[in-house]
Structures are given as C-alpha cells and as structure tokens.
Amino acid sequence: MKLPRLPASALAAPLAALAAVLALGGCAGNPRLHEAREFAAESAKLGGFADLTQRFRDTYQREQPYLSPAADQRERAEDARRRAAYPDLMAIHEAVLLYMQTLGKLAGGDTFDLKEPLKAMGAGIKAWPDTGLTDRHVNAYSGLAQLLARSVTSPYQERAVQAMVRDGDQQLQALLEAMQNLLRYYDKSSDNERDIVLGMLEVEIAYADTPRDRLLAALAKSHRLAKRNEYRLIGLRHTLAAKHVAAIAAAHAVLVQHMAQDGKPDATGGQAGQQARAALRASAAAVADESSIAAAAAAASQ
Amino acid sequence: MNQPASPAVTASAFETLADSLSACADELHLRIMKAIRRNPPGGPAREPQTDPTTQAALTGLPQPDPAQAAPLSSPPNGNLELGISHGAAQALFENEVALRQRANSLYVDAALLAASGLRVPERTLLDLVAVARRRIRNAGMLKDLIGITADMLGLAAALAAGKPEHLPGVVESIKDRYARLKEDRAG
Chain A
12 MKLPRLPASA LAAPLAALAA VLALGGCAGN PRLHEAREFA AESAKLGGFA
62 DLTQRFRDTY QREQPYLSPA ADQRERAEDA RRRAAYPDLM AIHEAVLLYM
112 QTLGKLAGGD TFDLKEPLKA MGAGIKAWPD TGLTDRHVNA YSGLAQLLAR
162 SVTSPYQERA VQAMVRDGDQ QLQALLEAMQ NLLRYYDKSS DNERDIVLGM
212 LEVEIAYADT PRDRLLAALA KSHRLAKRNE YRLIGLRHTL AAKHVAAIAA
262 AHAVLVQHMA QDGKPDATGG QAGQQARAAL RASAAAVADE SSIAAAAAAA
312 SQ
Chain B
63 MNQPASPAVT ASAFETLADS LSACADELHL RIMKAIRRNP PGGPAREPQT
113 DPTTQAALTG LPQPDPAQAA PLSSPPNGNL ELGISHGAAQ ALFENEVALR
163 QRANSLYVDA ALLAASGLRV PERTLLDLVA VARRRIRNAG MLKDLIGITA
213 DMLGLAAALA AGKPEHLPGV VESIKDRYAR LKEDRAG
C-alpha cells in the first residue's frame, strides 16, 4: 500500500469541491424512513404466531391422556400430519419475519449513517495540531463531508425502502392473509381439543361424584377448572394474534402509500395512516403483554 | 374426507365441513350431559342399557363412522329422558370425540392447503430480502471506505506533524478495515 505524502495544505483542496456538490441539495430528517422503521419494529413479533403454530403441532401431546384407545389410534395419524405440516407453516412465518427484520435494517437509523466514520475523519486530522490546519478547517471539512454523505445516501436509502415495500406488498399481503387463516384453523382445532379434554372430564366427573370417589371428584373438578382457564387463555391469544396480523397488513398497505408520495408532504391519507399505526401499536402491545392477556381472560370469565 | 386435496377443493370448503362436524359434536355433547343430569341423584341409572356401542367403547373396538352418529335426535334407546348408564355415556362421548377428531383432521387439510399455495409469494419475498441485504452490505462497505480514508488522513497528518512513532497504530487500523471490507465482499 502506498501512503500518500500529503502536505497539509492539500487537505483544504477538497473543501471547494464539497461545497459545490452540496449546492445540489441536502436532505433533512426523514419521516418516511422513520415510519418504515417503526412499522418493522411493531410487526416483528407477528403476534406469537410461532408459539401458536408450535402449540398446534403439539395437540396430541396434550390430548393423549384423555383419549380412549380407539381415539388415541386415530389421533396418532393426525399427529403425524400436523408434525409433517409444521415446517411449511413455520416457513411462512420465517419469510415474513425475515422481511420485517430486513426492512427495519434497511430503513435503520445507523445503517446508512456515515456520521460516525466522518467524525473519525475529522478527529484524525484534529489529533495533529502541528499540521497547519486550524480547527476551523477541520470542522468545515468534516461538516461538509457529512452533509454530502447524507444528501447522497438518504435518497438512496429511501428509494431502496420504497422499492422493497412496493414490490413486497402483494406477496406480504398473501402471506399475512394465510397467517390469519391458519390462526383461525388453530383456534377452531384448539376448541375441539378443549371440548375433548373438558368433555371427558365432565362426563367422568358426573359418575365419580359419589361418596366413595370424593377425592377423585375433587381432584378432577380442580383439574377441570385449571384446564378451562388454560383454554380460555389460548383462545384469547389466537384472537389477539389474528388481530395483530390484520393490523400489520393494514399498516403495510398504508406504508406503501406513504412511501409512494415521493417528497410530498403527508397530505392525503394522513389520518388513515395514523389510525393504522395506532392500531398496530395497540395490537403489538396487547400481544406482548402477557399480563393483559391474563387479565382479559379473567374478565371474560366473569 | 381425508383424501389429498384436489385443486377444486378450497381450504374454506374444508373449513366449512369441519365447522359443521364440530357443531354436530357440540349438539351431541349437550344431549349426553342432559341425559346424565336426568340420572337419579347419588348414582347413574341402575340398569345397564342394552346399548351395543357400550361394549365397543369399553373394549376399545373401532368406533362406528361418525356419519352414523348423526341421527342423534333419536337415541338408540329412546329413553335418554330417564338417564344414562356410565358405559352408554362413554360410548356416546366416544362418538363425540370421533366427530371432533374428524373435524380437526379437516382443519389440518385446510392448513396444508393454505400453506402449499404460498410457495411463490414466499420466494418472491425472500428475493426482496436478498436484494435489501445486499444494499445494506454495500452501505457497510461505504462506511468502511470512509473509515479507511479517515485513517489515511490521520496517517498523512501524523507524517506532516513529524510524529512517525504513531504510525504503527494507524497502519494496524487500516489493515483491520481492509480485512473487514474483504469479508463483506466475500459474503
């Protein structure tokens, strides 16, 4: 590597060039990128779809103790099918998740931010006061370089994000719709599982409720109560997850619209956009907050 | 009902059928519980009802097809009003379970169909992800390039200031950044 033997005065030369380029225009803070970033962050959890898919896969494990030999036989075949389907169901989740994560990174604050390396550039010069460069030169140099970097990278970044959400919208919507359908199937399947488990307990408790079987009846009743709560909670989770996925779909559609309004102020659809974002935030919070789920379940049971 | 899905059969057809089987099972369960509640207090009806399904249920023999469980409005013994024996209740519940299992099997069919129709959107989305990742990587490379320039300036400044003892550190930093840049390009 050849090291340039640079006289101090030569460092001042690029200043003029930089100033000229800067006249082309800079770019201030970018609300659209911020919106994309926020969207990606709120969506990333996908409402616990992965957990619920796993629960769907493990249906047999939970049902097994309550099944008669004949029912057990039948259920084993279904178990194999659910397990075989699992990778495909998760593949949808993975693809959507990867999209969200990448979108977040692409719109990310520091991905395209050249401020830090440029600051280092200034610091590198400042470290040597004897070179004949004054602070004023140095600051001007790094400041201009920063502005230049922003004016070059920010529109580029915005276009990249815009292209991604625009080209991805249709595919993403198809996957999100499928996820909502799947969550509905999980929920209905879980309802049948619940009725098999609780139904068995209900029928058997009726015949165990004799003085001789008091202990058995008491244990069974207490167990039934716990199971009932478990299934109520799961039902609520399915509902919240489906709601969140729907909110993601709506928010992405709005994001596509906003990104398309190139350089224009947020004139049209501003309110709809805010509503979609607020809905997304709310559903993300609801999904994330386990205690709110429990509380809502408790309230629903009253 | 469990045959592999033909293209003409949509997921929602599976779902509708499964829904109605589940509803059927719900109805059956209500009837079972109603009969149980008719049992005299302190125990079920004494006389074990001559219900052939009882034996089948107790011995774990294959269950009758759920389709046969459909005409439930007329229970085999006709006297469910008077209560139901434990064995008969278990046998009827077994039918209910079979209905629910059949329904759940259809939900699996619907899920499989929903998932299998998605290969193309999935792939397209992943292509977009790949493009975006490349862009992100390029931005990272740009950062490193600027970093190298900064190091170079430092180097030049050190030379200009006549402090060669600081050179080794700067040279190390430059080497580092070059290595990272190469890695990025390889990835």
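Taken in sequence, the protein lines are chains A and B.
When we follow the numbering used here, the leftmost residue of the first sequence carries the number 12, and every step to the right adds one.
When we follow the numbering used here, the leftmost residue of the second sequence carries the number 63, and every step to the right adds one.
For glycine and all other residues, C-beta sits at the position ideal for the given N, C-alpha and C.
Neighbouring residues, chain B, relative to residue i (Cβ below 8 Å)
i, result
"Gly179 (chain A)", "Thr186, Leu187 and Leu190"
"Ile103 (chain A)", "Ala177, Leu180 and Glu184"
"Asp99 (chain A)", "Leu174, Ala177 and Ser178"
"Met357 (chain A)", "No answer is possible for residue 357 (chain A): it lies beyond the span of chain A, which begins at 12 and ends at 313."
"Glu86 (chain A)", "Gln163"
"Tyr71 (chain A)", "Neighbours of Tyr71 (chain A) on chain B: none; closest Cβ ~10 Å, over 8 Å."
"Glu89 (chain A)", "Gln163, Asn166, Ser167 and Val170"
"Ala171 (chain A)", "Ala194 and Arg197"
Residue burial classification, residue i (beta-carbon count within 10 angstroms, cutoff 16)
i, result
"Pro76 (chain A)", "exposed"
"Lys96 (chain B)", "exposed"
"Val182 (chain B)", "exposed"
"Arg99 (chain B)", "exposed"
"Arg225 (chain A)", "exposed"
"Asp206 (chain A)", "buried"
"Thr121 (chain B)", "Note that Thr121 (chain B) has pLDDT 47, beneath the 50 cutoff, so the model's placement of it is unreliable and no number is given."
"Ala118 (chain A)", "buried"
"Lys237 (chain B)", "exposed"
"Gly224 (chain B)", "exposed"
"Ser233 (chain A)", "exposed"
"Gln285 (chain A)", "exposed"
Within chain A, partners of residue i - CB distance below 9 Å
i, result
"Ser84 (chain B)", "Lys199, Asp202, Asn203 and Asp206"
"Glu77 (chain B)", "Asn192, Arg195, Tyr196 and Lys199"
"Asn157 (chain B)", "Those do not exist, as Asn157 (chain B) stays about 10 Å from chain A at its closest Cβ, beyond 9 Å."
"Arg195 (chain B)", "Thr113, Lys116 and Leu117"
"Asn141 (chain B)", "Neighbours of Asn141 (chain B) on chain A: none; closest Cβ ~18 Å, over 9 Å."
Three-state secondary structure (DSSP) of residue i
i, result
"Ile146 (chain B)", "coil"
"Asn200 (chain B)", "helix"
"Asn101 (chain B)", "coil"
"Asp123 (chain A)", "In the sequence on display, residue 123 (chain A) carries Phe and not Asp. Coil, per DSSP."
"Gly179 (chain B)", "coil"
"Lys56 (chain A)", "coil"
"Ser79 (chain A)", "coil"
"Gly224 (chain B)", "coil"
"Asp189 (chain B)", "helix"
"Thr78 (chain B)", "helix"
"Thr338 (chain A)", "The structure shown has nothing for residue 338 (chain A), since chain A only spans 12 to 313."
"Pro124 (chain B)", "Unreliable placement is indicated for Pro124 (chain B), whose pLDDT of 45 sits below 50; the coordinate value is still reported in the next sentence. Of the three classes helix, strand and coil, the one that applies to Pro124 (chain B) here is coil, per DSSP."
"Thr113 (chain A)", "helix"
"Arg213 (chain B)", "First, the residue type needs correcting, since residue 213 (chain B) is Asp and not Arg in the sequence shown. Looking at Asp213 (chain B) - three-state DSSP - the assignment turns out to be helix."
"Thr72 (chain B)", "coil"
"Thr221 (chain A)", "coil"
"Asp206 (chain A)", "helix"
"Ala173 (chain B)", "helix"
"Asp257 (chain B)", "With chain B covering only 63 through 249, there is no way to say anything about residue 257 (chain B)."
"Ala39 (chain A)", "A caution first: Ala39 (chain A) carries a pLDDT of 41, below 50, which makes its placement in the model unreliable, though a value can still be read off. Coil, per DSSP."
"Ala88 (chain A)", "helix"
"Ala118 (chain A)", "coil"
"Asp69 (chain A)", "coil"
"Asp318 (chain A)", "Beyond the ends of chain A as shown, which are 12 and 313, falls residue 318 (chain A); an answer cannot be given."
"Asn157 (chain B)", "helix"
"Asn166 (chain B)", "helix"
"Asp300 (chain A)", "coil"
Chain-ordered chain A contacts of residue i [CB-CB under 7 Å]
i, result
"Leu174 (chain B)", "Ala96"
"Ala73 (chain B)", "Asn192"
"Ala150 (chain B)", "Going along chain A, no residue has its Cβ under 7 Å from Ala150 (chain B), so there is no contact; the nearest lies around 11 Å."
Under 7 Å by beta carbon: chain B residues contacting residue i
i, result
"Lys232 (chain A)", "Ordered by position in chain B, no residue passes the 7 Å Cβ test against Lys232 (chain A), which lies about 15 Å from the chain."
"Arg93 (chain A)", "Val170"
"Lys116 (chain A)", "Ile198"
"Gln286 (chain A)", "Those within 7 Å of Gln286 (chain A) in chain B number zero; the least Cβ separation is about 26 Å."
"Leu158 (chain A)", "Chain B residues near Leu158 (chain A): none, gap ~14 Å exceeds 7 Å."
"Glu213 (chain A)", "Met95"
"Gln182 (chain A)", "Pro183, Thr186 and Leu187"
"Gly210 (chain A)", "His91, Phe155 and Glu158"
Any chain E beta carbon closer than 7 Å to residue i
i, result
"Arg239 (chain B)", "The question asks about chain E, but that chain is absent: this structure's protein chains are A and B."
Closer than 9 Å at the beta carbon, the chain B residues around residue i
i, result
"Ser165 (chain A)", "Those do not exist, as Ser165 (chain A) stays about 11 Å from chain B at its closest Cβ, beyond 9 Å."
"Glu110 (chain A)", "Correcting the residue identity first, residue 110 (chain A) is Tyr in this sequence and not Glu. Going along chain B in sequence order, the residues near Tyr110 (chain A) (Cβ under 9 Å) are Leu187, Leu188, Leu190, Val191 and Ala194."
Amino acids of chain A, ordered along the chain, whose beta-carbon sits closer than 8 Å to that of residue i
i, result
"Met203 (chain B)", "Near Met203 (chain B) there are no residues of chain A at all, since even the closest Cβ is about 11 Å away, more than 8 Å."
### Query
Enumerated in chain order, which unbroken segments of the alpha helix (DSSP H) with a length of 4 residues or greater are wholly contained in the stretch 223-294 of chain A?
225-271
### Query
Which full runs of the alpha helix (DSSP H) of 4+ residues lie inside the stretch 150-199 of chain A, going along the chain?
none
### Members of the stretch 47-64 of chain A near chain B, C-beta cut-off 8 Å
none
#### Entry: Selection of the stretch 245-266 of chain A by Cβ proximity to chain B, strictly under 7 Å
none
#### Entry: Residues in the stretch 216-227 of chain A having any Cβ partner in chain B nearer than 8 Å
Ala217, Tyr218 and Thr221
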